[in-house]
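Per the working numbering, the sequence shown runs over residues 538 to 754.
Idealized CB from N, CA, C, for every residue including glycine.
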Amino acid sequence: MEVVFRPGNVLERPAGALLLGVLQRERRLAGLAAAVDRAAGGALSALLRRRDFDGSPDEVAVLYPDGLRAARLVVVGLGPRAGLTAHRVRLAAAAGVRRARELRAGTGVTAALGADAGGLDPAAAAQATAEGAVLGPWRFAAYRTRPGAPALRRVEVAGGGAGPTKGMAAAVARGARWAEAAVLARDLTCTPGSDLTPARLAARAREVARAAGAKVR
């Protein structure tokens, strides 16, 4: 799966799913959430009024409103504004992308979660969002005959429509690389020793080193 930064307004990007983070028990929608709600004809505010969703950490809801370029709106809870961290953003992005995968959305678009109304540094929020997008849908499927829903082809972290973008492209690329390294470590850890012998592990290490331009002994 490709995770990339795209300048521009997240509402202008077509996708199978638009991922939106919402703070817990906020009395009034603000920033991007308010803009999405307006475009969606008030579908988000209606969801909150019914109390079917309150923005609790990792809570997920799916809406299919008209007015968006994305086919569906995946709303994820960021938890309370107080104490919002990059780790909570990472978990929220993971939950949202995982749900988009289950729905076979194909592609996803999101802003840097927590950087708008949450007040996090945009670059730090973008990196955490990219990390969660890669880590969330991971599953060890090497021995499965039916691996389940296919991974999303691409997740775009959009920015620039309502805030600064300095350093965000590099942050998204860094977050995706770090998460891909963690996924590799997970895959190696889950592989039985009968298949991942010392010789095969050494060969895999040499492959990783060549790809990274590093030396290995």
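Check residue i in the structure and name its three-state DSSP category.
i: Arg564; result: coil
i: Glu693; result: strand
i: Val720; result: helix
i: Leu585; result: helix
i: Pro729; result: coil
Going by the CB atoms, is the gap between residue j and residue i shorter than 8 Å?
i: Ala580; j: Pro602; result: yes
i: Arg723; j: Phe677; result: yes
i: Gly620; j: Val634; result: no
i: Gly568; j: Gly604; result: no
i: Val694; j: Thr647; result: yes
i: Met705; j: Ala649; result: yes
i: Gly669; j: Leu628; result: yes
i: Leu557; j: Val540; result: no
i: Ala667; j: Val626; result: no
i: Leu733; j: Leu725; result: yes
Within the same chain, show all residues whose beta-carbon is closer than 8 Å to that of residue i, passing over the 5 residues directly before and after it, in chain order.
i: Ala707; result: Ala660
i: Glu639; result: Ala686
i: Phe590; result: Val559, Leu584, Glu596, Ala598, Val612, Gly614
i: Ala748; result: none
Once you ignore the five residues that flank residue i on each side, which residues in its own chain have a CB closer than 7 Å to its CB?
i: Gly643; result: Gly553, Leu689, Arg690
i: Ser807; result: Not covered by the structure: residue 807. The range shown for the chain is 538 to 754.
i: Arg711; result: Gln664
Considering only the alpha carbon of each residue, which of the options lies closest to residue i?
i: His624; options: Ala665, Arg587, Asp595; result: Ala665
i: Arg636; options: Ala751, Gly673, Arg586; result: Gly673
i: Ala719; options: Ala740, Val671, Val573, Val626; result: Val671
i: Arg609; options: Thr702, Arg565, Leu555; result: Leu555
i: Gly545; options: Gly651, Val626, Gly696, Ala662; result: Gly696
i: Leu548; options: Ala749, Pro735, Ala571; result: Ala571
i: Pro729; options: Tyr680, Arg754, Ala740; result: Tyr680
i: Ala716; options: Ala652, Leu600, Trp675; result: Trp675
In chain order, what residues of the same chain lie with their CB nearer than 6 Å to the CB of residue i, ignoring the 5 residues before and after it?
i: Arg618; result: Leu560
i: Met538; result: Ala688, Leu689
i: Arg641; result: Ala686
What ranges does the alpha helix (DSSP H) occupy inside the segment 604 to 656, keeping only unbroken runs of at least 4 residues that lie completely in it? 623 to 639
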